[in-house]
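Under full-length UniProt numbering, read the sequence shown as residues 1 to 183, first letter to last. From the three backbone atoms N, C-alpha and C, an ideal C-beta is built for every residue, glycine too. Since the model is a prediction, treat every value here as computed from it, not as a measurement. Everything on this sheet refers to the single structure shown next.
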Amino acid sequence: MSGMPLRAVDFPAVFPGPAPVHCGTHSDAASDLRLLAAIQHGLPLVPRPYAELGRQTGLSEAEVIERLERWLETGIIKRLGVVVRHRKLGYRANAMVVFDVPDAQVGAIGARLAAFACVTLCYRRPRRGEAWPYNLFCMIHGRDRATVETQVEALTLACGLEAIPRAVLFSRRCFKQRGAVYR
1 MSGMPLRAVD
11 FPAVFPGPAP
21 VHCGTHSDAA
31 SDLRLLAAIQ
41 HGLPLVPRPY
51 AELGRQTGLS
61 EAEVIERLER
71 WLETGIIKRL
81 GVVVRHRKLG
91 YRANAMVVFD
101 VPDAQVGAIG
111 ARLAAFACVT
121 LCYRRPRRGE
131 AWPYNLFCMI
141 HGRDRATVET
151 QVEALTLACG
161 LEAIPRAVLF
171 SRRCFKQRGA
181 VYR
């Protein structure tokens with residue numbers, strides 16, 4: 001590598017969005033790459049995760065926060081968070097609850113569902129005809145199946161979704177969980 005900074009115009013197929021903000025020096029690029037590599041594993045589960053990322057990458061806590069905020073704002077990264085391996089924490093029952101919500105209400109109902117502590121993911125997906133009429137999905141984790149079923153009933157009642165078609169799909173196996181991959 002020549003040390004020349006890469007710009008979005010150099011690789012339009014790779015960077016279809018706004019040009020990334022470049023810090024300006026080869027040393028900044030190297031520390032950016034170290035930080036990108038470190039966040040692929042999720043945030044460290046420590047009291048000061050950004051300080052720990054700084055320790056791992058040779059940056060200060062403030063520099064880590066500044067770069068991550070800039071990358072999120074400019075779209076270089078889309079999201080950042082911890083990777084929770086819920087089964088290791090004793091949460092063995094997991095269910096994806098799917099609802100067939102009127103399109104005009106899906107945003108408001110999704111926001112209400114997402115506010116429940118037992119809901120770890122909540123998002124909209126397109127329906128797939130009569131075979132799959134569901135357009136709102138939320139993931140619930142619990143220590144056992146009965147707990148999850150109780151949580152589903154509670155949030156259904158609290159959100160007024162008793163008359164809305166739904167299905168509760170319990171996980172049969174656990175897939176590999178990992179953070180986002182930045183290349």
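Local Cβ density within 10 Å of V64, reported as buried at 16 or more and exposed below that: buried
Contact under 8 Å by Cβ, G142 with C122: no
Sub-8 Å separation of V97 and R166 beta-carbons: yes
N-terminal and C-terminal residue of the beta strand (DSSP E) that I140 is part of: L136 to G142
8 Å Cβ shell around T147 - same chain, five flanking residues per side excluded: A93
Boundaries (first-last residue) of the beta strand (DSSP E) holding V168: R166 to F170
Beta-carbon proximity check, P47 vs L53, cutoff 8 Å: no
Euclidean distance between Cα positions of I77 and C138: 23 Å
Outcome for W132 when other beta-carbon atoms lying within 10 angstroms are tallied against a minimum of 16: exposed
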